[in-house]
Every structure is written in structure tokens, then in C-alpha cells.
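Visitor: Please see the structure below; I have some questions.
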């Protein structure tokens, strides 16, 4: 009888301890995620210090071609100079690089090896998204759906990421060499966030972030869709480290699978509407983490007022937030 009592007590203690252990582990993972977002923010800040401009969201090539995304432009500022030199984004298009990746020997080439390399700084420890994307090409067709070339056979895929740049509240629908609306090469309004397509690798100046660096979201989390959710690859399940966008007239298609942007037009952790690959989401309970222009990282509740969230994502809302709302919490 006494033995049974002891066993019951031990079982009860184990039942109480397991949730505590799991909570502690998730807290450690979230702290690591915070550190990585800070490193990404520091790389973006270092890029601005060196070039007097932020990195472009993506460097436009042509209507049907994928483009190098913002992450590759930050490589020299996060101790990845060798990888940057291997990829040569100023000389080689992403389409050419992707073609080097295709086939059984793709990952054995220097460029192929770089494209599939797991970069720990871009991966949240709470997410078990596959290391490689199940898509190999990330272009766009004018007014149509994104060009998505699925892996076949032994084809490797581009490395996946958990961090995407903020395009604000709507898609950077056109290539914009200037941020002035109505310019010849910018017939549509560019994104109202910090990052969108440019003619080259350089983006906005700090003075363009009118609402202030500490009040404006630069990057946020994008998780791989939970396996329990019926989300298809076409909904952009996996973000890619390198991939940007081709020119397209469709806001939906430019935010398609594997893209490097997130929009505040959608609720945080909106897993059921098919917008997983367009917004921000994470596997942290209750919200997602965001990096701001001043290098700070904040955990934003999935229950945050959507208008408040959108103001945080815009660079020139004209209304700064003097007080952080109660449902937006600083990460310790």
C-alpha cells in the first residue's frame, strides 16, 4: 500500500514537472530567437552605416525572374563575407544561381552549396521547418501567379528562413527605383513599410523612416506551417533566405511561396486563412517576435489591435506611438 502511495506521489510530481520543463525550454528557445533577431537587426544597421542606405527588399531583375532578397545584401555584415563573394549578387542573377543548384550535382558546386547552407542566424529554435525549401525557383509573372519550380528527384532546395522583412501593410507590387509614387518606373505605390523592390541592392535612407526607427518594424518571424494545419506550399509555407521577387502586378502572387517579405495586412499567427506565407507568424505561444529599426526586439501578441500593428509596420504613418500598447510586450 505504501509503495502505491509513493508511486502515485512520484507520478504526480512528474506530471507537475514536465510542463515546467517544457516552459523553461521554450523560454530558452525564445531567448535564442530574440538574440538572432538582434543580430539580423545589427547587420541591417551596419549595412546602413557602411553604405548610408538600408538594404533593398529585393533587387529587381525582370518580370519572370526571381531576385536576390534583402538577406543576401546583409551577408558581409554578419560574418558571411565568403558566402556573399561566392554568390556574387551584383554580378549573377538568382535565376542563374538556381540553375547551378538544379540536378544531382547541384549542391557540390560552390554556389549550390551556399544556396542550400543552413544559416543558423535565420532560424528560430522553436521551429522545425525543413532546412531546405521544397521549391527551387521564386519568380513572378506579370499579373499572374508566382513562378514556382518544385524540386524533382534529387534537386536540392534553397535554404529556409524564419525571418522576413516588413513590407508594411500591402505588397511591393512593382519594381521601384525611387520611392516617389508616379515615377516612370514606379507606376504603383511602393510598399508602405521599410522594404520593397529596387533597381539595385540599396534601399531607403534613415530619413525615410519618418515614424522613427524605434517605432517601425523592420523584420519579423515567419514559421513553417504546423503539420496539423491544412496549409499548402502555394500559401507560402516556407520562407527562403535568398529569394526575392520578380516584377508582378499581383499583390497576392508577389507574396507567394518562399518570399522574403511579411505584411501586417494579416493577423499574427493567422494559420487558417491561407495567408501563412504573406503575414507574420511563429510557433511561440501567443504571438511572434519583431525586430525594430533601432535594433530592439519585441514580442507582439497575436491579439494586438490590428490597426496598432499596422501603424507599427508603416514607415510614414505620420502617427508615432508614444506609449507601447499593453498587448505588445518587451522581450526580456
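Numbering (the working numbering), first residue to last: 680 to 1011. C-beta: ideal position from N, C-alpha, C; glycine also.
1) Check the DSSP bridge columns for residue 898 and list the partner residues they point to.
2) Helix, strand or coil for residue 892 per DSSP?
3) Nearest-angstrom Cα distance between residue 805 and residue 797?
4) Any chance the stretch 984-994 sits against the stretch 875-894, with 3 or more Cβ pairs inside 8 Å?
5) Taking the alpha carbon of residue 784 as the point to measure from, which residue in 965, 836, 736 and 746 has its own alpha carbon closest?
6) Do you know offhand how far residue 822's Cα is from residue 706's?
7) Go through its chain and collect everything with a Cβ distance to residue 723's Cβ below 7 Å, but skip five positions before and after it.
8) Can residue 765 and residue 729 be called in contact, C-beta distance under 8 Å?
9) Since residue 779 is in the alpha helix (DSSP H), which residue starts that stretch and which ends it?
10) With residue 988 as the anchor, note down where its alpha helix (DSSP H) starts and where it stops.
11) Is residue 943 closer than 8 Å to residue 847 when the C-beta atoms are compared?
12) Secondary structure at residue 753, three-state DSSP: helix, strand or coil?
13) Contact defined as beta carbons within less than 8 Å: I believe residue 840 pairs with residue 801. What is the distance between those atoms, to the nearest angstrom?
14) Quickly, what does DSSP pair residue 734 with across the bridge? List them, please.
15) For residue 839, which of helix, strand or coil comes out of DSSP?
16) Report back the beta-carbon spacing between residue 963 and residue 709 to the nearest angstrom; my notes put them in contact at under 8 Å.
17) Assuming residue 748 and residue 922 make a contact with CB atoms under 8 Å, what is their CB distance in whole Å?
18) Is the CB-CB distance between residue 987 and residue 947 below 8 Å?
19) Rank 799, 788, 727 and 950 by C-alpha distance to the C-alpha of residue 965 and give the top, closest one.
20) Can you list, in chain order, the residues of its chain whose CB lies under 6 Å from that of residue 789, leaving out five sequence neighbours each side?
21) Should residue 761 be labelled buried (16 or more other beta-carbon atoms within 10 Å of its own) or exposed?
22) Check this for me: beta carbons of residue 879 and residue 845, under 8 Å apart or not?
23) Looking at residue 895 and residue 959, is the spacing between their C-beta atoms short of 8 Å?
24) Residue range of the alpha helix (DSSP H) that residue 790 falls in?
25) Alpha carbon to alpha carbon, how far is residue 683 from residue 808? Give it in angstroms, no decimals.
26) Mapping the DSSP letters down to three states, classify residue 686 as helix, strand or coil.
27) Rounded to whole angstroms, what's the CA-CA distance from residue 781 to residue 872? Just pull it up for me.
28) Tell me, which residues are paired with residue 747 by DSSP?
29) Give me the DSSP bridge partner(s) of residue 941.
30) Do residue 876 and residue 736 have their beta-carbon atoms positioned less than 8 Å apart in this structure?
31) When you compare the CB positions of residue 750 and residue 939, do they come within less than 8 Å of one another, or not?
Guide: Reading off the structure:
1) Note: residue 898 sits in a beta bridge opposite 844 and 970.
2) Per DSSP, reduced to three states, the secondary structure at residue 892 is helical.
3) Cα to Cα, the separation comes out at about 15 Å.
4) A contact between stretches requires three or more CB pairs, one per stretch, nearer than 8 Å, and the stretch 984-994 meets this requirement with the stretch 875-894.
5) Checked all of 965, 836, 736 and 746; the closest Cα to residue 784 is 836.
6) Residue placement at residue 822 cannot be trusted, given a pLDDT of 33 that sits under 50; what the coordinates show is reported in the next sentence. In a straight line, the C-alpha of residue 822 is about 43 Å away from that of residue 706.
7) Closer than 7 Å at the Cβ level, and outside the excluded window around residue 723, lie 733, 734, 753 and 897.
8) No, they are not a contact pair.
9) Per DSSP, residue 779 belongs to the alpha helix (DSSP H) from 773-780.
10) It spans 985-992 - the alpha helix (DSSP H) in which residue 988 sits, taken as one unbroken run.
11) Yes; because the gap between Cβ atoms is below 8 Å, this pair is in contact.
12) Looking at residue 753 - three-state DSSP - the assignment turns out to be coil, as it is neither helix nor strand.
13) The Cβ separation is near 4 Å, so the contact holds.
14) Partner(s): 881.
15) DSSP places residue 839 in strand when its eight states are reduced to three.
16) About 6 Å separates the two Cβ atoms, so the contact holds.
17) Indeed, because the Cβ distance is near 6 Å, the residues count as touching under 8 Å.
18) Not a contact, by the Cβ cut-off of 8 Å.
19) Closest option to residue 965, Cα to Cα, is 950.
20) Residues 765 of the same chain have their beta carbon placed closer than 6 Å to that of residue 789, with the five preceding and five following residues left out of the count.
21) Residue burial is scored here from C-beta neighbours: residue 761 has fewer than 16 other C-beta atoms within 10 angstroms and is therefore classed as exposed.
22) Cβ distance not < 8 Å, so residue 879 and residue 845 don't count as in contact.
23) In this structure, residue 895 does not lie closer than 8 Å to residue 959 by Cβ.
24) From DSSP, the alpha helix (DSSP H) with residue 790 extends over 789-795.
25) Going by the C-alpha atoms only, they are around 43 Å apart.
26) Residue 686: helix per DSSP, three-state reduction.
27) Between residue 781 and residue 872, the C-alpha separation is close to 34 Å.
28) Partner(s): 922.
29) DSSP, once it has assigned bridges, lists 845 as partnering residue 941.
30) The beta carbons of residue 736 and residue 876 sit closer together than 8 Å.
31) Against a cut-off of 8 Å, the Cβ pair of residue 939 and residue 750 comes out as a contact.
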